[in-house]
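J.: In order, the protein sequences belong to chains A and B.
Heads up: the first sequence begins at 1 in my numbering, then just goes up one per residue.
Heads up: the second sequence begins at 1 in my numbering, then just goes up one per residue.
Ideal Cβ positions, reconstructed from N, Cα and C, are used throughout, including at glycine.
Quick one: this structure, given as structure tokens, is what I'll be asking you about.
Protein chains: 2
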Amino acid sequence: MATIKDVARAAGVSPSTVSRVLAGHPRISQATRERVLQAMQELNYHPNAIARSLVTRTSRTIGLITSRPTEQAFANPFFPEVIRGIGSVLEEEGYNLLLATTHGEDDDYEACMRLFRGRQVDGVILTSSRLGDRLIAALVAEEQPFVLIGRPLDAEGRPVYSEAHWVNNDNVAAAQTAVEHLLSLGHRRIGFVNGPPHWVFTYDRLEGYRTALARAGIAYDPDLVLSGHITQQDGGRALERLLSLPDPPTAIVAVDDTLALGVLDAALRRGLRVPEDLAVVGFNDDPITAWTRPTLTTVRIPVFELGVMAARMLVSILRGQPVRPRQVILPCQLIVRASTVGEGRAGANV
Amino acid sequence: MATIKDVARAAGVSPSTVSRVLAGHPRISQATRERVLQAMQELNYHPNAIARSLVTRTSRTIGLITSRPTEQAFANPFFPEVIRGIGSVLEEEGYNLLLATTHGEDDDYEACMRLFRGRQVDGVILTSSRLGDRLIAALVAEEQPFVLIGRPLDAEGRPVYSEAHWVNNDNVAAAQTAVEHLLSLGHRRIGFVNGPPHWVFTYDRLEGYRTALARAGIAYDPDLVLSGHITQQDGGRALERLLSLPDPPTAIVAVDDTLALGVLDAALRRGLRVPEDLAVVGFNDDPITAWTRPTLTTVRIPVFELGVMAARMLVSILRGQPVRPRQVILPCQLIVRASTVGEGRAGANV
DNA sequence: GTAACCTGTGCAATCGTTATCCCACAAGTG
DNA sequence: CACTTGTGGGATAACGATTGCACAGGTTAC
Chain A
1 MATIKDVARA
11 AGVSPSTVSR
21 VLAGHPRISQ
31 ATRERVLQAM
41 QELNYHPNAI
51 ARSLVTRTSR
61 TIGLITSRPT
71 EQAFANPFFP
81 EVIRGIGSVL
91 EEEGYNLLLA
101 TTHGEDDDYE
111 ACMRLFRGRQ
121 VDGVILTSSR
131 LGDRLIAALV
141 AEEQPFVLIG
151 RPLDAEGRPV
161 YSEAHWVNND
171 NVAAAQTAVE
181 HLLSLGHRRI
191 GFVNGPPHWV
201 FTYDRLEGYR
211 TALARAGIAY
221 DPDLVLSGHI
231 TQQDGGRALE
241 RLLSLPDPPT
251 AIVAVDDTLA
261 LGVLDAALRR
271 GLRVPEDLAV
281 VGFNDDPITA
291 WTRPTLTTVR
301 IPVFELGVMA
311 ARMLVSILRG
321 QPVRPRQVIL
331 PCQLIVRAST
341 VGEGRAGANV
Chain B
1 MATIKDVARA
11 AGVSPSTVSR
21 VLAGHPRISQ
31 ATRERVLQAM
41 QELNYHPNAI
51 ARSLVTRTSR
61 TIGLITSRPT
71 EQAFANPFFP
81 EVIRGIGSVL
91 EEEGYNLLLA
101 TTHGEDDDYE
111 ACMRLFRGRQ
121 VDGVILTSSR
131 LGDRLIAALV
141 AEEQPFVLIG
151 RPLDAEGRPV
161 YSEAHWVNND
171 NVAAAQTAVE
181 HLLSLGHRRI
191 GFVNGPPHWV
201 FTYDRLEGYR
211 TALARAGIAY
221 DPDLVLSGHI
231 TQQDGGRALE
241 RLLSLPDPPT
251 AIVAVDDTLA
261 LGVLDAALRR
271 GLRVPEDLAV
281 VGFNDDPITA
291 WTRPTLTTVR
301 IPVFELGVMA
311 ARMLVSILRG
321 QPVRPRQVIL
331 PCQLIVRAST
341 VGEGRAGANV
């Protein structure tokens, strides 16, 4: 495979000159430039990105940390959608996207550090965070360029790292809106089907649930709150448990549409009428929610836009440009459909 | 950042020794090994993967070529699903996955070549191919390690590159099965909503459609075959055009569930009863198809498994192990649901 | 007419590893 | 005792680029 030296020899110049042609250096005469370019063509030369990375200490590659095994991450439409957003920016900017393979949730720290130390990526995008996330702590401490989709909270749920860059949707407000929607429909016993509670987004959504209840003067009942994995199966299981309570809920908020689908499916199988016997609200506006019967009320998260913003921010950081607001909050939107208001009134968005 | 030399100095050995410890070289005494490991710990040393790549000429990274802009690729559940499969293997094998960003379909050749020449990837997985694909031709000519999901056909549709590695589902047979299912239900005018016809998978599915018709003694009517992009919108448009024919079809085969959803949606909007007025069959068994009303008959493609097989094959190739069958064909399965047989009979798989 | 500057290019160091070659020393062999 | 064999580890040269510095020759300024 042709190297820069081969090209240099063929063009009768030094390797430096070839390198300068490659870099578009201004002080190269038109004549030599053409000679070099022709030699490159003839030898089918492509620069070795690895060698270049070694000396420039950049790779024009951005890492994506899912903090979950790929197999699990891509089972939820959230990741493809966020990658769509990220990809649309990176394509324009000429960055590649490296998916860090992680064995499990705890392994992502090592994986991410390896990427940085190994100089394989110039920066990373984290797609979610945990309470007291040590990966974020390390990235902040080492001043590695990164953008978080979400927001950093310490182990006690307090905001931290005000200097960090992140893009978030206001999950507290979003969940609050969802619950208030149900309250306005007259529901008083509202079940909350949560994911693993140590994730910030689940924590925030639970927070919103509690806030809404508190404002309505309804006591928080821990029996109504269940957490599990974000799978349809666990959604179904959660519903079963909630329905077996002495005083079961008349409405359910699930923190993800996948969970909500599990709830809906289990409810319908049980012969419940939705929303008459049980109202259901999900999160994310997964395309599937527009097709279910009844269609599913859900909180639309601007996932694509989160990806776009995160990528834009990171690119700016890498360019050394100051990022004006270091933190961005994108609005959510409650999409009211039949699973809460019935066929007739569905379609009106709040 | 600590380098191998710093570690060497701290441990009182030469860089070579540190490198050997890193590589698990057998001829290193226990004592020095421990000294070196401790120095690494103290200096928080992580090897520079780029520098290593430069000399070893490997990167432990695999490239994924979607041949579409990321934004478009990830709009279809196929890609996330195939990545799930690939990722599940790569995680175990310790490979990273690099998504090649492509501006468009024609740009993928350059992008892929840059990846290889730049030594950024050890091999690539192509997720689809076109008739007479020049990227495949180049990879074969340059003997670059790659696995194709699909199969290589020349510009005239003849199989080529018998030495290439690929994983495919038998799209011809799959489409044939779908059409025969409709024929067995009595349909004689069957519309075919195709994607861009220069892709091999669309070509093959059309082939299956024609074969099934021919076997049933039904003349091929080009008016019944439409092609467009694989979007819901184009599915809907195709249906409109088909219904405006003098002798419109009573059934539709769409080469992708996304198209089928567009067809279904447009049909329902028009007030058609499905399947009584119009039967619909899709491809891929997108989770959404189990939720539509009526549920959608579809051909299940083992997408996850295609990803797993492709990744396994590529890893074997990279290891220098002979891959026993160079080509693998995975079976499809027709999932019969209500969009062809009505609510009562749905659920029986063929 | 000479100093100062500009243009275009080459030289050589460097990035952080791995790999080849070689040597010092200890132990086994006849 | 001389000679082979084996073990552990150091020196040094790649790997393929980039880049600061030097410098030759031509142009401009005064």
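1. Is there a Cβ of chain B sitting closer than 8 Å to that of Asn284(A), yes or no?
2. Between Glu276(A) and Phe78(B), what straight-line distance do the alpha-carbon atoms span, to the nearest angstrom?
3. With a threshold of 8 Å between beta-carbons, can Met40(A) be considered close to chain B, or not?
4. Report yes if the C-beta distance between Ile62(A) and Ile149(A) is below 8 Å; otherwise report no.
5. Against chain B, with Cβ distances strictly below 8 Å, would Ala348(A) count as a contact?
6. If you reduce the DSSP assignment to three classes, tell me which class Ala251(B) lands in.
7. Residues of the region 277–306 of chain A with a CB closer than 7 Å to any CB of chain B: list them in chain order, please.
8. What are the partner residues of Pro159(B), as DSSP defines its beta bridges?
9. Please classify Gln233(A): does DSSP put it in a helix, a strand, or coil?
10. Drop a sphere of 10 angstroms on the beta-carbon of Glu91(B), count the other beta-carbons inside from all chains shown, and report buried for 16 or more, exposed for fewer.
11. Let me check understanding here. Comparing Cα to Cα, which of Arg312(A), Ser19(A), Tyr45(A) and Thr340(A) lies closest to Leu115(B)?
12. Would Glu305(A) and Leu334(A) be called neighbours here (beta carbons separated by less than 8 Å)?
13. At a CB-CB cut-off below 8 Å, which residues of chain B make contact with Pro275(A)?
14. According to DSSP, Val55(B) sits in a beta bridge with which residue or residues?
15. Which residue's Cα is closest to the Cα of Ala23(A): Leu182(A), Ile4(A) and Arg84(A)?
16. Determine the direct distance from the alpha carbon of Ala266(A) to that of Arg205(A), and round the result to whole angstroms.
17. Within a Cβ cutoff of 6 Å, which residues of the same chain sit near Val255(B), ignoring the five residues on either side of it in sequence?
18. Using only CA atoms, which one of Gly307(A), Leu98(A) and Val253(A) lies nearest to Arg84(A)?
19. Taking Phe74(A) as the query, report the chain B residues whose CB atoms sit under 8 Å from its CB, ordered along the chain.
20. I think Gln176(A) touches Thr127(A), with their Cβ atoms under 8 Å apart; what is that distance to the nearest whole Å?
21. Please list, in chain order, all residues of the same chain as Ser29(A) whose beta carbon is under 6 Å from its beta carbon, the five residues on each side excluded.
22. Any C-beta of chain A sitting closer than 8 Å to the C-beta of Ser53(B)?
23. For Arg119(A), count neighbouring C-beta atoms within 10 Å of its own C-beta (all shown protein chains included) and say buried if the count is 16 or more, exposed if not.
24. Can you give me the Cβ contacts of Arg68(A) inside the same chain, cut-off strictly under 7 Å, excluding the 5 residues immediately before and after it?
25. Quick one: list the residues of chain B neighbouring Pro152(A), beta-carbon separation under 9 Å, in chain order.
26. What are the residues that DSSP puts in a beta bridge with Gln333(A)?
27. Tell whether a beta-carbon distance below 8 Å holds between Arg293(B) and Arg293(A).
28. Thinking C-beta only, is Ala8(A) closer than 8 Å to Thr17(A)?
29. Beta-carbon of Leu98(A) versus every beta-carbon of chain B: anything under 8 Å?
30. Give me the chain A residues within the contact set of Gln120(B), using Cβ-Cβ distance strictly less than 7 Å, ordered along the chain.
31. Have a look at Val303(A) and Glu71(B) and give me their C-alpha separation to the nearest angstrom.
32. Residues in its own chain within less than 6 Å of Gly191(B) by CB, not counting five upstream and five downstream?
33. Measure the alpha-carbon distance for Thr58(A) versus Arg33(A) and round it to whole angstroms.
34. Ignoring anything shorter than 3 residues or poking outside the region 265–312 of chain A, list the beta strand (DSSP E) runs there in chain order.
35. At least one CB of chain B closer than 8 Å to the CB of Met313(A): is that the case?
36. What number of angstroms, rounded off, separates the C-alpha of Leu37(A) from the C-alpha of Val315(A)?
T.: In short, the structure shows the following:
1. In the first sequence, residue 284(A) corresponds to position 284, counting from 1. No, its Cβ sits nowhere closer than 8 Å to a Cβ of chain B.
2. Here residue 276(A) refers to the residue found at position 276 of the first sequence. Here residue 78(B) refers to the residue found at position 78 of the second sequence. Cα to Cα, Glu276(A) sits roughly 36 Å from Phe78(B).
3. Taking the first sequence and counting its residues from 1, the one referred to as residue 40(A) is at position 40. Met40(A) does not count as touching chain B.
4. Taking the first residue of the first sequence as 1, we reach residue 62(A) at position 62. Taking the first residue of the first sequence as 1, we reach residue 149(A) at position 149. Judged by their CB atoms, Ile62(A) and Ile149(A) are not nearer to each other than the 8 Å cut-off.
5. Along the first sequence, read from residue 1 onward, the residue named residue 348(A) stands at position 348. The predicted model places Ala348(A) with a pLDDT of 46, which falls under 50 and marks its position as unreliable, so this point remains unresolved.
6. As a working note, residue 251(B) is residue 251 in the second sequence. Strand at Ala251(B).
7. Within the region 277–306 of chain A, the residues whose Cβ lies closer than 7 Å to some Cβ of chain B are Pro287, Ile288, Trp291, Thr292 and Arg293, listed in chain order.
8. Against the second sequence, residue 159(B) aligns to sequence position 159. Bridge partners of Pro159(B): Leu153(B).
9. Looking up residue 233(A) in the first sequence gives position 233. In the displayed model, Gln233(A) falls within a helix according to three-state DSSP.
10. Here residue 91(B) refers to the residue found at position 91 of the second sequence. Buried is the call here.
11. Position 115 of the second sequence, counted from the start, is the residue given in the question as residue 115(B). Among Arg312(A), Ser19(A), Tyr45(A) and Thr340(A), the Cα nearest to that of Leu115(B) is on Tyr45(A).
12. Along the first sequence, one-based indexing puts residue 305(A) at 305. Along the first sequence, one-based indexing puts residue 334(A) at 334. The answer is no: Cβ separation not under 8 Å.
13. As a working mapping, residue 275(A) is identified with position 275 in the first sequence. The contacting residues do not exist; Pro275(A) stays about 17 Å from chain B at best.
14. Along the second sequence, one-based indexing puts residue 55(B) at 55. Under DSSP, no beta-bridge partner is assigned to Val55(B).
15. Mapped onto the first sequence, residue 23(A) falls at position 23. Comparing Cα-Cα distances from Ala23(A) to each of Leu182(A), Ile4(A) and Arg84(A), the minimum goes to Ile4(A).
16. Residue numbering aside, residue 205(A) sits at position 205 when the first sequence is read from its first letter. Residue numbering aside, residue 266(A) sits at position 266 when the first sequence is read from its first letter. The alpha-carbon atoms of Arg205(A) and Ala266(A) are separated by roughly 23 Å.
17. Locating residue 255(B) in the second sequence gives position 255, where the first residue counts as 1. Cβ contact annotation for Val255(B) (same chain, cutoff 6 Å, sequence separation greater than five): Asn194, Gly195, Thr202, Arg205 and Phe283, in chain order.
18. As a position in the first sequence, residue 84(A) is number 84, starting the count at 1. Check the Cα spacing between Arg84(A) and each of Gly307(A), Leu98(A) and Val253(A): the tightest is with Gly307(A).
19. On the first sequence, position 74 is the one that residue 74(A) refers to. Per Cβ cutoff of 8 Å: Pro80, Glu81, Ile83, Arg84 and Gly87.
20. As a first step, residue 176(A) must be located in the first sequence, where it is residue number 176. As a first step, residue 127(A) must be located in the first sequence, where it is residue number 127. About 23 Å separates the Cβ atoms of Gln176(A) and Thr127(A), ruling out a contact at the 8 Å cut-off.
21. To locate residue 29(A), count along the first sequence from 1; it is residue 29. Excluding sequence neighbours, Ser29(A) sits near nothing in its chain.
22. Mapped onto the second sequence, residue 53(B) falls at position 53. Chain A contact via Cβ: present.
23. Taking the first sequence and counting its residues from 1, one reaches residue 119(A) at position 119. Flag for Arg119(A) reads buried.
24. Numbered from 1 along the first sequence, position 68 holds the residue referred to as residue 68(A). In its chain, beyond the 5 residues on either side, Thr102 and Glu105 have a beta carbon closer than 7 Å to the beta carbon of Arg68(A).
25. Numbered from its first residue, the first sequence carries residue 152(A) at position 152. Using a Cβ-Cβ cut-off of 9 Å, Pro152(A) is close to nothing in chain B; its nearest Cβ partner there is about 22 Å away.
26. For the purposes of this step, residue 333(A) is taken as residue 333 along the first sequence, with counting starting at 1. Paired residues: Arg300(A).
27. Locating residue 293(B) in the second sequence gives position 293, where the first residue counts as 1. Locating residue 293(A) in the first sequence gives position 293, where the first residue counts as 1. Yes, Cβ-Cβ distance for Arg293(B) and Arg293(A) is below 8 Å.
28. Here residue 17(A) refers to the residue found at position 17 when the first sequence is read from its first residue. Here residue 8(A) refers to the residue found at position 8 when the first sequence is read from its first residue. Yes, they are a contact pair.
29. Your numbering for residue 98(A) matches position 98 in the first sequence. Answer yes: the Cβ-Cβ gap between Leu98(A) and chain B drops below 8 Å somewhere.
30. Here residue 120(B) refers to the residue found at position 120 of the second sequence. The answer, in chain order, is Ala49 and Ile50.
31. The count along the first sequence starts at 1 and reaches residue 303(A) at position 303. The count along the second sequence starts at 1 and reaches residue 71(B) at position 71. Between Val303(A) and Glu71(B), the C-alpha separation is close to 13 Å.
32. On the second sequence, position 191 is the one that residue 191(B) refers to. Excluding residues within five positions, the ones whose Cβ falls inside 6 Å are Leu224, Leu242, Pro249 and Ile252.
33. Your numbering for residue 58(A) matches position 58 in the first sequence. Your numbering for residue 33(A) matches position 33 in the first sequence. Their backbone Cα atoms lie some 25 Å apart in a straight line.
34. If one requires a minimum length of 3 residues, the beta strand (DSSP E) runs lying completely within the region 265–312 of chain A are 279–283 and 297–300, in chain order.
35. Within the first sequence, residue 313(A) is the residue found at index 313, counting from 1. False, the Cβ-Cβ gap to chain B never drops below 8 Å.
36. Sequence index remark: in the first sequence, residue 37(A) carries index 37 (1-based). Sequence index remark: in the first sequence, residue 315(A) carries index 315 (1-based). When only Cα atoms are considered, Leu37(A) and Val315(A) end up about 30 Å apart.
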